[in-house]
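Input: a single structure, listed below in structure tokens.
Number of protein chains: 2
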Amino acid sequence: MKIEAVDLFYLAMPTIRNVGDGSQDALLVRVAAGPWVGWGECETSPLVSIANWVCPMSHSACRPVRDAVLGQSLETPADIARINQHVRDLGLDIAQTDHTLSGIDIALWDLLGKQRGEPVYRLLGDKQAYPKTPYASQLFGDDAGQTLAKARAMREEGYAAVKFGWGPFGRGSVAEDREHVAAAREGLGQEVGLMVDAGTVWGEDVAQAAARLAMLDAFDVTWLEEPFVSGALASYQALVQHGSRVRMAAGEGAHNFHMARHLIDHGGIGYVQIDTGRIGGITPARRVAEYADARGVTFVNHTFTTHLALSASLQPYAGMQAHTFCEYPVEASELARRLTRTAMTRDANGQLHVPDAPGLGIEPDLAVIKAYLVPVEIRVGGATLYRSSEP
Amino acid sequence: MKIEAVDLFYLAMPTIRNVGDGSQDALLVRVAAGPWVGWGECETSPLVSIANWVCPMSHSACRPVRDAVLGQSLETPADIARINQHVRDLGLDIAQTDHTLSGIDIALWDLLGKQRGEPVYRLLGDKQAYPKTPYASQLFGDDAGQTLAKARAMREEGYAAVKFGWGPFGRGSVAEDREHVAAAREGLGQEVGLMVDAGTVWGEDVAQAAARLAMLDAFDVTWLEEPFVSGALASYQALVQHGSRVRMAAGEGAHNFHMARHLIDHGGIGYVQIDTGRIGGITPARRVAEYADARGVTFVNHTFTTHLALSASLQPYAGMQAHTFCEYPVEASELARRLTRTAMTRDANGQLHVPDAPGLGIEPDLAVIKAYLVPVEIRVGGATLYRSSEP
């Protein structure tokens, strides 16, 4: 097969709110090769990645993603690895390349899985997929009362663990943060796991994070996620040295294998959280999963959007039984909830299973794509360089 | 002053060749505040950064760069630092943000310097600028004969050091690479310094790089630049362990302070090479210079394009006497050579001086901008989101 066509679909809710909800828009990728079609999703700014797909060449290491994808041969997983590397070589000097590549790599795995009649995790070499324990992932309430109500609702939904993040957390005093975490714990009770996501709010400021450790310990928080930006390895390491029981989690900001490895090698994290829509797809995510497993770090997906993205983010570690948690979006936008024709729901034991179906096993609904499509046209030097396709 | 207007100018040669010459296009930035205008340059894919400037918000940490810049107050260097951080906060989840920010940060320093009647290095806290020793930076020839001729020409031009990079180097056998390095050394004679830039050709493959170390030692090469991609810290560290005399140089791929710091802390490099057009501007470049200086690592600029970019890349370490080398582009395109009304030329001793003039001390020629301007129009959802300004 040759990769004959790639289409990018920029989808968005009619109104985008200035909150930390990454499901308000989406960049879907459709790849066609021979009689097959694969789907992927980039966790990116859609317009920036569309520009990255078509941008004119600046020099030999600053080329558009499409130059490295269209016309490539696709027969085996090794071809996907080759294309992944080729995109990075040609796009070395364009920072956006990794985000744009992500949805394409995912779509290639989906396509190859469909062609072979195998789930992606099997193509990755795993014989069996193990169920994951989903944690409900949501934003903190605007005040502690809202956080309490959200926690109670998730407990009633039967989740074994719940994560709260972003919103007001870390932006005010330790006492204010404590109110939110106390409310979360009160609403969840003692049996439900609780994680806290600081959303990089402290930048690289160790003191701000350290001031919250005792409080997080007191409420038996499993992990503190992204106290710092992804690159602040020394800050992560310094915080770990405080000897709190709460482990550090990070990795969603990793754009490639190396950035995730740095957090493991030099940041002292206990959980590495990888978004296949950002790290360059399933190919590097799998490499991180294997690296983490070998070093006693727990791999977890990062997913806050659609169930297409969710299936893609679970495939790299579906076959790794020891890595049990998975992030499960429970506050996704109407767009994200409606996008796929099937959803991944919990079984009677509250466990989540990757679809036992070829590829990702999740298909988008073309009518929904049409309903939320944001048309884009880019003209450069007087000529049309890009115009959105019809779904 | 308030930042009232920012214009981006995409300039390009009529033909872009598929070679490692990054001067074939440019993204110039003009910032206006009160009666003042500042200029900067991004080392980026121009179209991708233009899209990043205007892209619709996806969520609170995925916003266009302009949202964090327009209307901001600009009175002091601390304001520039605040704006720099604000851009990163709002653009956290857009990988391209750092590249786009770079030219804006540079233009802010230029503007503030002009308003205060001071060169940028003084605003950074340095009383005096020290002359730098420029090394001529150019690509390897297509064959060893061409490399020999290029080396001879640079020796005749009186350069104290010359760097060859990219082209065929590292893509064939060790013997072929040896021919090129031998030719370079023959053309330069024994007195002229020689550096080699592998342009990340070996990815993370230590063996490929290690196989060249003895040869590089034999021809007295000062540094081996970018044997690996920026993130391959373990590969850098492993190569350093081979104990060659040749030092490792890297850093041009750093998009922020942290990435450069990682190469110093965990990569064992001897030279850190920072492009102010990529790392987010003069603000983070200065921080790298101070960090490197405190750890015995030599700071060097990375510049392959215009003299506007050259002045910007020298300001962060102009006042640091111990860091003497500077990269000096000698193969820039006609566009890059013609763009500025003045050039930074060597003095009678072959030394280079940052301009003793307000801001960067280098002004672009509006007529040249007009001549090379590539108009861009971006339409999203049926409305025009961006259209190139007139210079």
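Which chain is which? The protein sequence lines are A and B, in order. For the first sequence, position 299 (counting from the first letter as 1) is numbered 299 according to this note's numbering, and the numbering increases by one without interruption. For the second sequence, position 381 (counting from the first letter as 1) is numbered 1381 according to this note's numbering, and the numbering increases by one without interruption. All C-beta atoms in this analysis are idealised placements derived from N, C-alpha and C, irrespective of residue type, glycine included.
In the DSSP assignment, L1028(B) falls outside any alpha helix (DSSP H) and lies within the beta strand (DSSP E) extending over 1025–1033. Considering only G1381(B), K1114(B), A1371(B), P1375(B), the residue with the shortest C-alpha distance to V374(A) is G1381(B). Relative to the Cα of D1265(B), the nearest Cα in the group Y1386(B), L1233(B), R1212(B), Q1273(B) belongs to L1233(B).
The C-beta distance from Y328(A) to V297(A) rounds to 21 Å, too long to meet the 8 Å contact threshold. At a cut-off of 8 Å between C-beta atoms, G40(A) does not count as an interface residue with respect to chain B. Of the residues assessed, P35(A) falls on the exposed side of the cut-off, its CB having fewer than 16 other CB atoms within 10 angstroms.
At a cut-off of 8 Å between C-beta atoms, S45(A) counts as an interface residue with respect to chain B.
Chain-order list of chain B residues neighbouring G34(A): empty, with the shortest C-beta distance near 29 Å, by a criterion of under 9 Å. Per DSSP, the beta bridge partners of A1161(B) are Y1135(B), G1193(B). Sixteen is the threshold: since fewer than 16 other Cβ atoms of the shown chains lie within 10 Å of the Cβ of S1389(B), the residue is exposed. Assigned with DSSP and collapsed to three states, H262(A) falls in helix.
It is roughly 21 Å from the alpha-carbon of T1306(B) to the alpha-carbon of K1150(B). Ranked by Cα distance from G1280(B), the first of V1300(B), S1313(B), A1292(B), S1073(B) is S1313(B). Within the same chain, and ignoring the five residues on either side of Y1159(B) in sequence, the residues whose Cβ sits closer than 6 Å to its Cβ are A1136.
It is roughly 27 Å from the alpha-carbon of T1342(B) to the alpha-carbon of V1019(B). If you ignore the 5 residues before and after T100(A), its C-beta comes within less than 7 Å of the C-beta of C42, T44, S49, N52, W53, V65, all in its own chain and listed in chain order. Contact between T276(A) and L308(A) does not hold, since their C-beta atoms are separated by about 11 Å, which reaches or exceeds 8 Å. Neighbourhood of P1329(B) in chain A, by CB distance below 8 Å: empty, with the nearest CB roughly 13 Å away. A107(A) has its alpha-carbon roughly 9 Å from the corresponding atom of G359(A).
According to the DSSP secondary-structure assignment, W1039(B) is paired through a beta bridge with R1030(B). The criterion of a C-beta distance shorter than 8 Å is not satisfied by Q72(A) and K127(A). Secondary-structure assignment with DSSP links N1301(B) through a beta bridge to I1274(B). A Cβ-Cβ separation of about 22 Å leaves H258(A) out of contact with G1022(B) under the 8 Å criterion.
Note on L1366(B): under 16 other CB atoms within 10 angstroms of its CB, so exposed under the neighbour-count rule.
Contact between H255(A) and I274(A) fails: their C-beta atoms lie close to 11 Å from each other, not under 8 Å. Contact check between the region 1234–1245 of chain B and the region 207–224 of chain A: fewer than three CB pairs, one atom from each, fall below 8 Å, which does not count as touching. In summary, the residues of the region 13–28 of chain A whose CB is separated from some CB of chain B by less than 7 Å are I16, N18, V19, G20, D21, G22, Q24, D25, in the order they occur in the chain. H1255, N1256, H1258, M1259, H1262: these are the residues of the region 1247–1263 of chain B whose beta carbon lies less than 7 Å from some beta carbon of chain A, given in chain order. When beta bridges are read from the DSSP output, H1059(B) appears opposite C1062(B). For K1114(B), the number of other beta carbons within 10 angstroms of its own is at least 16, and it is reported as buried. Interface criterion met: the Cβ of T200(A) is under 8 Å from a Cβ in chain B. Scanning L188(A), D197(A), R287(A) for the CA closest to the CA of W166(A) turns up D197(A). Per DSSP, T1222(B) is one residue of the beta strand (DSSP E) stretching across 1221–1225. At a cut-off of 8 Å between C-beta atoms, L92(A) counts as an interface residue with respect to chain B.
In this structure T1283(B) does not touch D1110(B) by the C-beta definition: roughly 13 Å separates them, more than the 8 Å allowed. Within the same chain, Cβ atoms closer than 7 Å to the Cβ of A81(A) are found at T283, the five residues on either side in sequence being excluded.
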